[in-house]
Amino acid sequence: REKRLTLPPSEITLL
Amino acid sequence: PGLLEPTSTLVRVAKSASTLGIAIEGGANTRQPLPRIVTIQRGGSAHNCGQLKVGQIILEVNGVSLRGREHRDAARLIAEAFKTKERDHVDFLVTDFN
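If you read the sequences in order, they're chains A and B.
So for the first sequence, the numbering used here puts the first residue at 7; every next one is plus one.
So for the second sequence, the numbering used here puts the first residue at 11; every next one is plus one.
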């Protein structure tokens, strides 16, 4: 099976 | 259309309100490597402009690429582009495709 990416989710910034 | 980003669009946002009024997520070393627009606040400059949409990916700000920039760096670049008195607008190069 294909490995899942383990990169973290991003924070969200209001601009 | 260009060869590298055939679906990109240049959107000029006039500084028509005191805030830009977008929320972004993503940046280098996250699951979303380029910043994505997740919210557009009613009454903000982006909303007034009418051309930015939730889900779009921001490729460049005032001609500066966001590729390889971490979230905070990308957010700072956008905030500074909005804050500077040198221009009365911010140019965004965006794409609808991720």
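The beta-carbon is built from N, C-alpha and C at its ideal position, and this holds for glycine as well.
Can B:E80 and B:G36 be called in contact, C-beta distance under 7 Å?
-> no
Hey, would you say B:F92 sits closer than 7 Å to B:V100, going by beta carbons?
-> yes
Say whether chain A places a C-beta atom closer than 7 Å to the C-beta of B:A89.
-> yes
Proximal residues of chain A, C-beta to C-beta of B:I50 below 8 Å = What B:I50 touches in chain A: nothing, since even the nearest Cβ is about 11 Å away.
Hey, does B:T105 have any beta-carbon neighbour from chain A nearer than 7 Å?
-> no
Identify every residue that forms a DSSP beta bridge with B:S75.
-> B:E70
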